[in-house]
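Undergrad: Structure incoming, see below.
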Amino acid sequence: MRAAAIFISCFVAASLGIPTGQDVIHEKRDFDAVTSRVTKRAAADTLVPVRIALKQRNLDKGMEYLMDVSDPSSKNYGSHYTQDKVVDLFSPAPESIETVKRWLVERGVPDNQITSPKSKGWLDFKATVGQLEDILKTNYHVYENKKTRSEHLGADSYSLPSEVSQHVDFITPGVVPIKVKSARAAPGQPRKIPFTPFPPGFTVNSQDASNCPTQITPACIKALYNITDSTTAVEGNQLGMFESDNEMHKQSDLDQFYRLYASKIPKGTGPKIDLIDWGSTKPDPNQAVGEAALDFDVSIPVIYPQGTELYQTKSNFDGRTHLGFLNQFLDAVDGAYCTSDGGDDPDVDGVTANEACGTFTPANVISFSYGLTENIWPTKYLKARQDYT
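The sequence shown maps to residues -17 to -1, 1 to 372 in mature numbering (1 follows the signal peptide of the UniProt record, and there is no 0).
Encoded structure:
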């Protein structure tokens, strides 16, 4: 009778399409996190945006595909991959999409609430914490960043059926947390960054790269890459620079840098400033940590007299997630992005009042640089971010 019961159970599971393999731990928090657990469980009725990153195809062939159009000896040299071709090459296998989606439906997620972007690399839906705990066989907690005191929702580990696990890279929120509360700096309290002078005897020599391993200057960059001094500026060919929130340069800092390391640049030289979604407010450079200053300290002396243009966006971190932090910029330079695929999802991207749509013209070349402490993210997440970008 026991054998018959087991056979019947397996038959029913197979007929329903339910994975019959065991659940396996898909990810576990095994890195040196800078967050510490708050002594409370996440509220079961909290609604969260869930994203499942599916395993992509052909990532190991990326360099081969690149060289096929980049190597002068290739017959395809000078060609370009269309967006559709990139999707065809690197999107997950149809089997992966179907398997994971079928599993979600069997676990109670309505089919019509599961969406996927054009890249086909993600499956998105909304669920309460309680529902997600049942789906992933885990418990969710709120974690607090030791340094910033911001709070994040995540889990120490989560499990998937073995048949599903082989198709999934990672899931958020999970070992990769999402922000649920931002810690705000006290207004009017400038952050001070100590100035470290160059050692005695150091000279800024555009022909000498010997100090570059320890002291990086614009002259050093030019020497390393054999960049010659320019004498002309082409209108409309300025270098674009992305920054967000209060991370903005101070002109007085740039002027001081020019005086020390790029004396040919006139005082007051700076980027054209485009404020995106700031409304009647303005960024407070006193709250910057120095990244914006570093970006312009390096770029302006290297390309001068060619100009620069700053795209300063105001993010809408409203207690949800970091995942859509580039949306404001993309909306501002491409009006179609505002409505593409239904536009921003307020539960994923937050809500931006009076959002700029196609208001600004993007520069031909735009630099994006931002820093996160990488050891707070698991290896799978970091590798996927590298592959997707």
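Cβ atoms here follow ideal geometry from the backbone N, Cα and C, with glycine treated the same way.
All values derive from a computational prediction rather than experimental measurement.
(1) Roughly how many whole angstroms lie between the Cα atoms of Phe351 and Arg85?
(2) Could you check where the alpha helix (DSSP H) with Ser79 kicks off and where it finishes?
(3) Met231 by DSSP, collapsed to three states: which one?
(4) Enumerate in chain order the residues of its own chain whose CB-to-CB distance from Ile210 is below 8 Å, with the five nearest sequence positions on each side excluded.
(5) Go through its chain and collect everything with a Cβ distance to Arg40's Cβ below 8 Å, but skip five positions before and after it.
(6) Assuming the contact rule is C-beta atoms closer than 8 Å, Leu313 and Tyr320 should be a hit. Round their C-beta distance to whole Å, please.
(7) Which residue's Cα is closest to the Cα of Ser142: Leu237, Arg242, Phe153, Asp238?
(8) Give me whichever residues DSSP pairs with residue 387 in a beta bridge.
(9) Rank Glu146, Leu42, Ser140, His150 by C-alpha distance to the C-alpha of Pro160 and give the top, closest one.
(10) Going by DSSP, which residues form a beta bridge with Ala36?
(11) Alpha carbon to alpha carbon, how far is Lys101 from Ile349?
(12) Under a three-way DSSP split, which group does Ile161 fall into?
(13) Measuring only the C-alpha atoms, how far is Tyr287 from Ala206?
(14) Any idea what DSSP makes of Glu338, helix, strand or coil?
(15) Nearest to Ala245 by alpha carbon, out of Lys233, Trp261, Ser282?
(16) What does a CB cutoff of less than 7 Å around Asp51 pick up in its chain, not counting 5 residues either side in sequence?
(17) Answer with buried or exposed for Asp280, where buried requires no fewer than 16 other C-beta atoms within 10 angstroms of its C-beta.
(18) Helix, strand or coil for Tyr287, going by three-state DSSP, please let me know.
(19) Nearest CA to the CA of His124: which residue from Gly137, Ile118, Ser133?
(20) Closest to Ile248 by CA distance: which of Pro93, Thr264, Ala202 is it?
(21) If we call anything under 8 Å between Cβ atoms a contact, is residue 375 one with Lys255?
(22) Take Val88 as the anchor and find which of Ser53, Ile199, Gln295, Leu115 has the nearest alpha-carbon.
(23) For Ser148 and His9, which I take to be in contact (beta-carbon distance under 8 Å), what is that distance rounded to the nearest angstrom?
(24) Which partner residues of Ala110 appear in the DSSP bridge assignment?
(25) Per DSSP, what kind of secondary structure is Pro201 in: helix, strand or coil?
(26) When we look at the beta-carbon of Arg24 and count the other beta-carbons within 10 Å, is it buried (16 or more) or exposed?
(27) Give a yes or no on whether the C-beta atoms belonging to Leu237 and Gln289 are separated by under 8 Å.
(28) Anyone know if the C-beta pair for Val151 and Arg12 falls short of 8 Å?
(29) Between which two residues does the alpha helix (DSSP H) harbouring Ser53 extend?
(30) Between which two residues does the alpha helix (DSSP H) harbouring Val217 extend?
(31) Out of curiosity, what's the CA-to-CA distance linking Gly253 and Glu226?
(32) When you compare the CB positions of residue 373 and Val7, do they come within less than 8 Å of one another, or not?
(33) Look up Ile97 in the DSSP assignment and say whether it is helix, strand or coil.
(34) Is it right to say Gln208 is buried, meaning 16 or more other beta carbons lie within 10 angstroms of its own, or is it exposed?
(35) Which residues does DSSP list as the beta-bridge partners of Val7?
TA: With the structure as the only source:
(1) Counting from 1 along the sequence shown, the entry for residue 351 is found at position 368. Counting from 1 along the sequence shown, the entry for residue 85 is found at position 102. Their Cα atoms are separated by approximately 37 Å.
(2) For the purposes of this step, residue 79 is identified with residue 96 of the sequence shown, where counting begins at 1. Here the alpha helix (DSSP H) through Ser79 covers 77 to 89.
(3) Position 248 of the sequence shown, counting from 1, holds the residue named residue 231. Reduced to three states, the DSSP call for Met231 is coil.
(4) For this step, residue 210 is matched to residue 227 along the sequence shown. Once the five neighbours on either side are set aside, the close Cβ partners of Ile210 are Ile204, Val285.
(5) Within the sequence shown, residue 40 is the residue found at index 57, counting from 1. Excluding residues within five positions, the ones whose Cβ falls inside 8 Å are Leu72, Phe73, Ser74, Pro75, Ala76.
(6) Along the sequence shown, one-based indexing puts residue 313 at 330. Along the sequence shown, one-based indexing puts residue 320 at 337. Their Cβ separation, rounded to whole angstroms, is 5 Å, which keeps Leu313 and Tyr320 in contact under 8 Å.
(7) If you number the sequence shown from 1, residue 142 lands on position 159. The candidate whose alpha carbon is nearest that of Ser142 is Phe153.
(8) In the structure as shown, the chain begins at -17 and stops at 372. Residue 387 is therefore absent and cannot be evaluated.
(9) Here residue 160 corresponds to residue number 177 of the sequence shown, with the count starting at 1. The residue with the shortest Cα to Cα distance from Pro160 is Ser140.
(10) Translated into the one-based positions of the sequence shown, residue 36 becomes position 53. Among the bridge pairs identified by DSSP, Ala36 is matched with Trp105, Phe153.
(11) Here the question's residue 101 lines up with position 118 in the sequence shown. Here the question's residue 349 lines up with position 366 in the sequence shown. Looking at the two C-alpha atoms, the distance is approximately 23 Å.
(12) Counted from its first residue, the sequence shown places residue 161 at position 178. Ile161 falls in the strand class under three-state DSSP.
(13) In the sequence shown, the residue the question calls residue 287 occupies position 304. In the sequence shown, the residue the question calls residue 206 occupies position 223. For Tyr287 and Ala206, the distance between alpha carbons rounds to 15 Å.
(14) Your numbering for residue 338 matches position 355 in the sequence shown. If DSSP states are grouped into helix, strand and coil, Glu338 belongs with coil.
(15) Within the sequence shown, residue 245 is the residue found at index 262, counting from 1. Closest by alpha carbon: Ser282.
(16) Your numbering for residue 51 matches position 68 in the sequence shown. Answer for Asp51: Ser57, Asn59, listed in chain order.
(17) On the sequence shown, position 297 is the one that residue 280 refers to. Answer is buried; the Cβ neighbour count reaches 16.
(18) Within the sequence shown, numbered from 1, the residue matching residue 287 stands at position 304. Coil.
(19) Taking the sequence shown and counting its residues from 1, the one referred to as residue 124 is at position 141. If we check each option's Cα against that of His124, Gly137 comes out closest.
(20) Here the question's residue 248 lines up with position 265 in the sequence shown. Of the listed residues, the one whose Cα sits closest to Ile248 is Ala202.
(21) For the chain, the structure presents residues -17 to 372; residue 375 sits outside this window and is missing.
(22) In the sequence shown, counting from the first residue as 1, residue 88 sits at position 105. The shortest Cα separation from Val88 among Ser53, Ile199, Gln295, Leu115 belongs to Leu115.
(23) Here the question's residue 148 lines up with position 165 in the sequence shown. Here the question's residue 9 lines up with position 26 in the sequence shown. Between Ser148 and His9 the beta-carbon gap is near 5 Å, inside 8 Å, which marks them as a contact.
(24) For the purposes of this step, residue 110 is taken as residue 127 along the sequence shown, with counting starting at 1. Val31.
(25) Stepping through the sequence shown from its first residue, residue 201 is reached at position 218. Reduced to three states, the DSSP call for Pro201 is helix.
(26) Along the sequence shown, read from residue 1 onward, the residue named residue 24 stands at position 41. Per the 10 Å Cβ criterion, exposed.
(27) Position 254 of the sequence shown holds residue 237. Position 306 of the sequence shown holds residue 289. Remark: C-beta atoms of Leu237 and Gln289 do not approach each other more closely than 8 Å.
(28) On the sequence shown, residue 151 is found 168 positions in, with the first residue counted as 1. On the sequence shown, residue 12 is found 29 positions in, with the first residue counted as 1. No, Cβ-Cβ distance for Val151 and Arg12 is not below 8 Å.
(29) Along the sequence shown, one-based indexing puts residue 53 at 70. 45 to 53 is the extent of the alpha helix (DSSP H) around Ser53.
(30) Numbered from 1 along the sequence shown, position 234 holds the residue referred to as residue 217. Where Val217 is concerned, there is no enclosing alpha helix (DSSP H), given that its DSSP letter is neither H nor E.
(31) In the sequence shown, the residue the question calls residue 253 occupies position 270. In the sequence shown, the residue the question calls residue 226 occupies position 243. Those two C-alpha atoms are separated by around 14 Å.
(32) Shown here, the chain extends from -17 to 372; a query on residue 373 therefore has no answer.
(33) In the sequence shown, the residue the question calls residue 97 occupies position 114. Note: Ile97 maps to coil in three-state DSSP.
(34) In the sequence shown, counting from the first residue as 1, residue 208 sits at position 225. Correcting the residue type first, residue 208 is Tyr in the shown sequence and not Gln. With fewer than 16 Cβ atoms within 10 Å of its Cβ, Tyr208 is classed as exposed.
(35) Residue numbering aside, residue 7 sits at position 24 when the sequence shown is read from its first letter. Its beta-bridge partners are Leu143.
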